[in-house]
Structures are given as C-alpha cells and as structure tokens.
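So the structure is just underneath, and the comments pick up after that.
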Amino acid sequence: MQNRAIRIKGARQNNLKNLNLEIPLDRITVVTGVSGSGKSSLAFDTLYAEGQRRYVETFSPYARQFMDRMDRPVVDRIDGIPPAIAIDRKDPVRTSRSTVGTMTEITDYVKLLFARLGQLHCMRCGKPVDPETPEYVWKRLQDFPPGSEVVITFPFFIEGPSADQGINSLVQMGFTRFFADSAVSPLEKWHHVNDTREIHVVADRVLLRPKDRTRIIDSLEQAFRFGGGRLDLWIRQDRHGIRHLAFSNLLECADCKIQYSKPIPNLFSFNSPIGACETCRGFGRNIDIDLDLIIPDPRRSLAEGAIKPWGDPADHRMEFEDMMAFCRRSKIPTHTPFERLTKTRKKKIIDGTPDYYGIRGFFRWLETKTYKMHVRVYLSRYRSYTECPDCQGTRFKKESLMYKLGALNIGQIYTLNVDEASEFFEKLHVPKKDEAGQIIMSEVRSRLRYLRDVGLG
Numbered sequence: 020m021q022n023r024a025i026r027i028k029g030a031r032q033n034n035l036k037n038l039n040l041e042i043p044l045d046r047i048t049v050v051t052g053v054s055g056s057g058k059s060s061l062a063f064d065t066l067y068a069e070g071q072r073r074y075v076e077t078f079s080p081y082a083r084q085f086m087d088r089m090d091r092p093v094v095d096r097i098d099g100i101p102p103a104i105a106i107d108r109k110d111p112v113r114t115s116r117s118t119v120g121t122m123t124e125i126t127d128y129v130k131l132l133f134a135r136l137g138q139l140h141c142m143r144c145g146k147p148v149d150p151e152t153p154e155y156v157w158k159r160l161q162d163f164p165p166g167s168e169v170v171i172t173f174p175f176f177i178e179g180p181s182a183d184q185g186i187n188s189l190v191q192m193g194f195t196r197f198f199a200d201s202a203v204s205p206l207e208k209w210h211h212v213n214d215t216r217e218i219h220v221v222a223d224r225v226l227l228r229p230k231d232r233t234r235i236i237d238s239l240e241q242a243f244r245f246g247g248g249r250l251d252l253w254i255r256q257d258r259h260g261i262r263h264l265a266f267s268n269l270l271e272c273a274d275c276k277i278q279y280s281k282p283i284p285n286l287f288s289f290n291s292p293i294g295a296c297e298t299c300r301g302f303g304r305n306i307d308i309d310l311d312l313i314i315p316d317p318r319r320s321l322a323e324g325a326i327k328p329w330g331d332p333a334d335h336r337m338e339f340e341d342m343m344a345f346c347r348r349s350k351i352p353t354h355t356p357f358e359r360l361t362k363t364r365k366k367k368i369i370d371g372t373p374d375y376y377g378i379r380g381f382f383r384w385l386e387t388k389t390y391k392m393h394v395r396v397y398l399s400r401y402r403s404y405t406e407c408p409d410c411q412g413t414r415f416k417k418e419s420l421m422y423k424l425g426a427l428n429i430g431q432i433y434t435l436n437v438d439e440a441s442e443f444f445e446k447l448h449v450p451k452k453d454e455a456g457q458i459i460m461s462e463v464r465s466r467l468r469y470l471r472d473v474g475l476g
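Per this note's numbering, residue 20 is the first one in the sequence shown, and the count goes up by one each step.
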C-alpha cells in the first residue's frame, strides 16, 4: 500500500530553488534550517497557501467573496494536500504586573478557586465566617446538656420617634416578650432597658430535648426571618449561669456584626481594581524618594552638602540657601554630621514644617513638573521602589486576604515557589460533588506539574 504523502514538484516560491519534496501525512514534520533558507516559504507561502486556496474554492462564489484568499504559489505541482490551517505564533503580552502565574494562566484558575472554595475569616476576630442555618444552630445546641433552658431571640431596633409603633407591630404579630438582664420581661416594659436602641425579642422559650427538635428548628427559622438574618440564643445551665451565642445566616461575623459581600473572581486578581491594593494599584511596591540616595554620606554636615540634590555652598542653589536659613531660625547646627542630629531635627529637614518645605516637599513639587524630560531624569536619580506598606507586597486589598484555601490566603500562596505550590494544591481537597471545582483544580495542578517537569521548580 502506497504511503499517504504530500508531493511537491518544482517549488520556486521566493527563494526556493526548484524544490522537489514528499511530506508524509498523519505525522509531525518539523522544518528546520538557518535564517533565509526558505522554511517559511515552504511551510506558509507554498503548502499553507495552496491548501487554503483549494479549500476556499470548494465554496460557492457568493461565499468566497467573504473569505480571505491567498495567491497561488509558484510551483509546478502539488498532490495530496489536504485543507490547511496556520497558527500564528505571537509573544505573550508582558507587563510589569506579569508573573509566572499570570503567564501560565494559573492565577486565572486560582482566583476562580478562591471565589468558589475560599473560606472567609473575620477581619476583626479571625474566626471563619459562613452563613449559618437552623440545622447548624441545632447542632451547636447539642454541645449543651439535655434539659437546658433555651431562649431564642432576634434583634429589633427601636431607635427614633417610631419606637412605640414598632413595639405595637411586634405585639400584633404575636411577640409579647423580650430578654434583658438575664430575664424575660413583657414588651410593655421595654422603656426600662438601659440601651433602648436594640432589644432582644423572644421568639421562643423551650427546654433542650430531642423530642422538641422540630419546634426549635421552626423557632430558629422564625427568628432568622424577623431578625433580618440574625438571632441570639440564651442558654441557662444549672450552676453555670447563662451562655450567650449569636448566629447569622448572612455572610457576616455574628460576634463582631461585620457584614461581607459575596466573593467574585476579580476580588482575587491584582490586575483588577476590585482586588488590587489601592495604594500600589496591584504592583506590590511604590516608587518614592530614597533617603540613602539623597543623603549618601550622613557623616557630612548640612553645610558640607549632606543633602546631595541641593549641592554645597559653592553651587549657590536656592534649596541649599533655604535650608540654611531654616536651620538658623530653628537653631539646628549645620556643622554637625547629619547622622549625629537628633531625630526631631532630622525629621524637620526631611519632612519639613509648616513654614519650610523640607526634602519631601521639594520632591513633591518636582513631581508636578514631570511633563519635562529633565525633571523625570533628575527624579530617577533619587527614587527607588519600596514594598507597599499597606499590602506588604502581596498586591491585594485587605478584603481579598481575608479568604483562605487551606491555611493560606492568596497573597501567601503567590509567595510559594513552584514545588511548594504544586505540593500545596495536590493536598488541597475539593468536594467530589463540585464538578466545576474539580475541573478548575485539575487545570491548576496540570500547569504546576508542567512547570516542575520543565525544571522551574
């Protein structure tokens, strides 16, 4: 049986010299050679051009007018050529934000994982934050001995002139008691509560017994509904006093009363304004004046030119003269080495005062002139990049860092090397029922394995 192949005779496209060639089909064929040897002329200008031209000719004249057509290559004959496609190779876009994670699209999948599986932790107390259901509250009650008295309440705000009207509406709905000072009292006495902005309205008062499970679940649902997603339990135990527990079916910390919005993928992207640190705008570092460049030799005195941008007396710069005049007014010694000045005096020279601009004020003024090339060059001599003080180099907002996968937030994960990240995600558990989560995780793992295999671990 004759082998299937593309047969080329007399190819003379561009710099090809009457080339005769057979290329087997259903195999990978690599065209190599030095620059100018005709690789592109053969692969693109001859093979691809002829394959694409013949394919386009199979369509009707009406359809062909909407399709790109290539010139017929200079060749005597080509047999056995199938329809062809050419994939254009382009260098990926690189910016100062680019990392190994962004270039390999790992970060795109990680942000989906965090939005889907990330565990929120309260910014104040650090406890996990999850919407709590009546079933969850019932399970928490099992930590207490049977027979304990449970008072189920929901918060009701009564601040303002319409307080009496609000109380009357509660009574009409069948709520007649509130809980305060470890006791249940009639709603009519709500005026006696010290803090009258909020009262705990009793939804039910019941003994903790297995047979009352349905009643307790119903009361919990009712308390969540009338409490706007919040409820409180007051559990009286013999010899142990009253234990207070707060719950919320909202995405909020029930103890700290801090609400959080539902996570979206862009919250976990430093390339998005939603997730990027507002101070450094997702770069993880800021450019600012470098005092080591401005004062390279602190053993010099101010009079000897310790402030390098302002020169010395021989330069007659206005900034130098202003500084010396300020030092005379403030009684700051100008012939003492700068490093021996007190912190207060150094701060005045560097940060300025209400009547003196100082080093930072001078550079802030220069930044208003950066439309001039020579000013930009001048600034570049005395500025450098420093880690962002707000995000500590993670690039993310504080809200983004409150979510964790396993024991790490997204900023900590992005500090891992390839081997550490691969080990972390291999151990990370995704529920089997979460098919989308399984697919996302497999993409992350496969990309990390590839990076390890090519030696980037």
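By construction, the Cβ of each residue, glycine as well, lies at the ideal position given by its N, Cα and C atoms.
Counting along the chain, where does the alpha helix (DSSP H) carrying residue i start and finish?
i    : result
H393 : M392 to S399
Q191 : A182 to Q191
E462 : E454 to D472
Y128 : I125 to L136
F443 : V437 to K446
L61  : K58 to L61
R379 : G377 to E386
L420 : K417 to L420
T121 : V119 to M122
Considering only C-alpha positions, which residue in the set the options is nearest to residue i?
i    : options                   : result
R108 : A68, N34, R46 and F63     : F63
I8   : S188, E442, L35 and L139  : For the chain, the structure presents residues 20 to 476; residue 8 sits outside this window and is missing.
I261 : Y390, S167, R72 and L239  : S167
A105 : I314, R72 and D127        : R72
K478 : L66, V169 and K58         : Residue 478 is absent from the model: the chain starts at 20 and stops at 476.
P282 : V463, S115 and A134       : A134
C296 : V50, G412 and W253        : G412
S10  : K388, F245 and R228       : With the chain running from 20 to 476 in the structure shown, residue 10 is simply not present.
F243 : S59, S181 and F175        : F175
G120 : Y401, F381, A344 and F289 : F289
D162 : G330, I254, I171 and V148 : I254
V156 : C144, L206, L227 and P408 : L227
V190 : P284, T51, L206 and A30   : L206
Please state if the CB of residue j and the CB of residue i are separated by a distance shorter than 8 Å.
i    : j    : result
R26  : D98  : yes
K423 : G137 : yes
I429 : V93  : no
V10  : F173 : Absent from the structure is residue 10, since the part of the chain shown begins at 20 and ends at 476.
W209 : I186 : yes
G294 : F287 : yes
L61  : L44  : no
L321 : C346 : yes
V396 : K388 : no
M86  : A68  : no
P317 : K327 : no
From what residue to what residue does the beta strand (DSSP E) around residue i run?
i    : result
N305 : R304 to I308
V169 : E168 to F176
S320 : Unbroken run through S320: none, as it is neither H nor E.
R402 : R402 to E406
For my contact list, residue i and residue j are in at a C-beta cut-off of 8 Å; report their separation, rounded to the angstrom.
i    : j    : result
L132 : M460 : 7 Å
V437 : L467 : 6 Å
A325 : F357 : 4 Å
R249 : S267 : 5 Å
V449 : Q457 : 5 Å
I368 : I313 : So it is not a contact: roughly 10 Å between Cβ atoms.
Helix, strand or coil: how does DSSP classify residue i here?
i    : result
A2   : The structure shown has nothing for residue 2, since the chain only spans 20 to 476.
F339 : helix
R244 : helix
Q431 : helix
D273 : According to the sequence as given, residue 273 is Ala; it is not Asp. Residue state, collapsed to three classes: coil.
R23  : coil
Y81  : helix
Y279 : coil
G13  : Since the displayed the chain opens at 20 and closes at 476, residue 13 lies outside it and no answer follows.
P92  : coil
Y155 : helix
D107 : coil
R300 : coil
I47  : coil
R31  : coil
R364 : helix
D370 : helix
N37  : coil
H354 : coil
E207 : helix
P102 : coil
A68  : helix
R249 : strand
I218 : strand
S267 : strand
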